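Trainee: The C-terminal residue of the sequence shown carries number 307 in this note's numbering, and the numbering is unbroken. Can you keep this structure in mind? I'll have questions shortly.
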Amino acid sequence: MNNKVLVLGSVAYDNIETRYAKENNILGGSASYASLACSYFNPAAMLGVVGKDFNPKDIELLKSRDIDLSALQIDESGDTFFWSGKYLDNFNRRETLEVQLNVFEHFNPILPDSLKASKYVLLANISPALQNSCLEQLENPEFVVLDTMDLWINIAREDLLNVMPKVDLFILNDSESELLTAEENIFIAAEKILEIGAKSVLIKKGEHGSVLFTKDDIFIAPSFPVKELKDPTGAGDSYAGAMLGYLAAKGDTSFETMKKAMYYASATASMTVEDFSCRQLEKLGLEEVENRVARLIKISNL
Ligand code: AMP
Numbered sequence: 006m007n008n009k010v011l012v013l014g015s016v017a018y019d020n021i022e023t024r025y026a027k028e029n030n031i032l033g034g035s036a037s038y039a040s041l042a043c044s045y046f047n048p049a050a051m052l053g054v055v056g057k058d059f060n061p062k063d064i065e066l067l068k069s070r071d072i073d074l075s076a077l078q079i080d081e082s083g084d085t086f087f088w089s090g091k092y093l094d095n096f097n098r099r100e101t102l103e104v105q106l107n108v109f110e111h112f113n114p115i116l117p118d119s120l121k122a123s124k125y126v127l128l129a130n131i132s133p134a135l136q137n138s139c140l141e142q143l144e145n146p147e148f149v150v151l152d153t154m155d156l157w158i159n160i161a162r163e164d165l166l167n168v169m170p171k172v173d174l175f176i177l178n179d180s181e182s183e184l185l186t187a188e189e190n191i192f193i194a195a196e197k198i199l200e201i202g203a204k205s206v207l208i209k210k211g212e213h214g215s216v217l218f219t220k221d222d223i224f225i226a227p228s229f230p231v232k233e234l235k236d237p238t239g240a241g242d243s244y245a246g247a248m249l250g251y252l253a254a255k256g257d258t259s260f261e262t263m264k265k266a267m268y269y270a271s272a273t274a275s276m277t278v279e280d281f282s283c284r285q286l287e288k289l290g291l292e293e294v295e296n297r298v299a300r301l302i303k304i305s306n307l
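If you want it as structure tokens, here you go:
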């Protein structure tokens, strides 16, 4: 048994265009953001695939944060997954311009024996079929967090509905919860998601905060007030990685600890969006997270 947070997800090179700038071939992917965010609080182990073009500097970056790369496959037969996106004026809407699956196309997530007993598992954004395959290899996970995106709700709904009852916490944003449940009101959408089977659900509302639901409880946490928003890519992945990293570090997944974890997750995600790629996660440290959590507590304390 080990206490590393197992993070399944994509590792990518992204081209991103926002109204500030356009940057090409920058490190992205749900597993990259989530593992780096998690590593502020608790060691992470990454389950994913990269191609022959993957830059050794990026391996060094992940290693420098003690991220276990024993389950990161290097597939020499092709290039790393590539995604290109463009944000429209208000940052809330984005368009996918191009996707090159590359080595992702034949990716089969194989868990090494050393990670099969992982207690804390983040099924970050990747196809629900792969999320399910990862779950099936695990021996007895204690707390499983699920993330997804609109693409999977549209093209792999049945697979996603099969994964949902197996998870302890499903994190998604308000537009995804509406797409999934056909319900605009997040309080009703959350009830529907809990009925499908997730033990708890957390709906993020961008700069307006996030809401955690279980059958018996609701908690509303604020978002950190960011003014220098440069690139929202990876905010959701960072939120999920920090949330589970915090819970794993505490060894406690009670509702009370989840409430605190939401503050840490908001603070961490707020750093990600202040620059392109994972740069702010690389640059800023836990002390900055703590400062932001203190500010969040101050601005939301009645
Ligand atoms: P987010 O902004 O949290 O939705 O995550 C953005 C990251 O998701 C980018 O760095 C992309 O490389 C990655 N991504 C985009 N499309 C997919 C996909 N279909 N599957 C997995 N990851 C993806």
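All C-beta atoms, glycine included, are put in the ideal place defined by N, C-alpha and C. Just so you know, these numbers come straight off a predicted model, no measurement behind them.
1) Is the beta carbon of Cys-139 closer than 8 Å to that of Leu-77?
2) Quick check: the stretch 104 to 120 against the stretch 60 to 70, are there 3 or more CB pairs under 8 Å?
3) Phe-281: buried (16+ other C-beta within 10 angstroms of its C-beta) or exposed?
4) Taking only three categories from DSSP, how would you classify Glu-103?
5) Starting from the C-beta of Thr-330, find all residues in its chain whose C-beta is less than 7 Å away, skip the five residues before and the five after it, and write them out in chain order.
6) Do Ser-228 and Ser-180 count as a contact pair if the criterion is CB distance below 8 Å?
7) Please report the residue range of the beta strand (DSSP E) in which Ile-175 lies.
8) Can you check the stretch 44 to 112 for any alpha helix (DSSP H) of at least 4 residues that lies completely inside it and give the ranges in chain order?
9) Around ligand 1, which residues pass a check of Cβ closer than 6 Å to any of its heavy atoms?
10) At a cut of 8 Å, does the stretch 169 to 177 reach the stretch 198 to 209 through at least three beta carbon pairs?
11) With a Cβ-Cβ cutoff of 8 Å, do Leu-11 and Ala-36 count as a contact?
12) Is it buried or exposed for Arg-297, if we count other Cβ within 10 angstroms and need 16 for buried?
13) Ile-21 bridges to which residues according to DSSP?
14) Of all the options Ser-182, Ile-201 and Val-231, which has the alpha carbon lying nearest to the alpha carbon of Val-216?
15) Would Asp-221 be called buried (16 or more neighbouring beta carbons within 10 Å of its own) or exposed?
16) Since Gly-33 sits in a beta bridge, which residues does DSSP pair it with?
17) I'd like the list of long-range same chain contacts for Met-267, defined as Cβ closer than 8 Å, with 5 residues on each side in sequence excluded.
18) Rounded to the nearest angstrom, what separates His-213 and Glu-81 at their Cα positions?
19) So the candidates are Thr-23, Tyr-45, Cys-283 and Asn-30; which of them puts its Cα closest to the Cα of Asn-97?
20) Would you call the CB atoms of Gly-250 and Ser-75 closer than 8 Å?
21) Of the residues Ser-40, Asp-94, Gly-90 and Tyr-92, which one's Cα is nearest the Cα of Ser-69?
22) On a Cα-Cα basis, can you pick out the residue from Glu-293, Leu-93, Asn-8 and Ser-259 that is closest to Val-126?
23) Near Glu-144, what residues of its chain come up, given a Cβ to Cβ distance below 7 Å and the 5 sequence neighbours on each side ignored?
24) Look at Phe-112 and Leu-128 and say whether their C-beta atoms are less than 8 Å apart.
25) If we ignore side chains and look at the alpha-carbon of each, how far apart do Asn-20 and Glu-100 end up?
26) Excluding the five sequence neighbours on either side, which residues of its own chain have a C-beta within less than 7 Å of the C-beta of Asn-137, listed in chain order?
27) Per DSSP, Ala-226 is paired with what?
28) Rounded to whole angstroms, how far is the Cβ of Tyr-158 from the Cβ of Leu-199, which I believe are closer than 8 Å?
Mentor: Short version:
1) no
2) no
3) buried
4) strand
5) Since the first and last residues shown for the chain are 6 and 307, residue 330 lies out of range.
6) no
7) It is worth fixing the name first, because residue 175 is Phe in this sequence and not Ile. First-last of the beta strand (DSSP E) with Phe-175: 174 to 178.
8) 61 to 69
9) Ser-15, Ala-17, Asp-19, Gly-33, Gly-34, Ser-35, Trp-88, Asn-130, Ile-131, Met-154, Leu-156, Thr-238, Gly-239, Ala-240, Gly-241 and Asp-242
10) yes
11) no
12) buried
13) Glu-28 and Gly-90
14) Ser-182
15) exposed
16) Ala-17
17) Leu-207, Ser-215, Leu-217, Phe-224, Ala-226 and Met-248
18) 43 Å
19) Thr-23
20) no
21) Ser-40
22) Asn-8
23) Lys-121 and Ala-122
24) no
25) 12 Å
26) Asp-164, Asn-167 and Val-168
27) Ser-215
28) Correcting the residue type first, residue 158 is Ile in the shown sequence and not Tyr. In fact, because the Cβ distance is near 17 Å, the residues do not count as touching under 8 Å.
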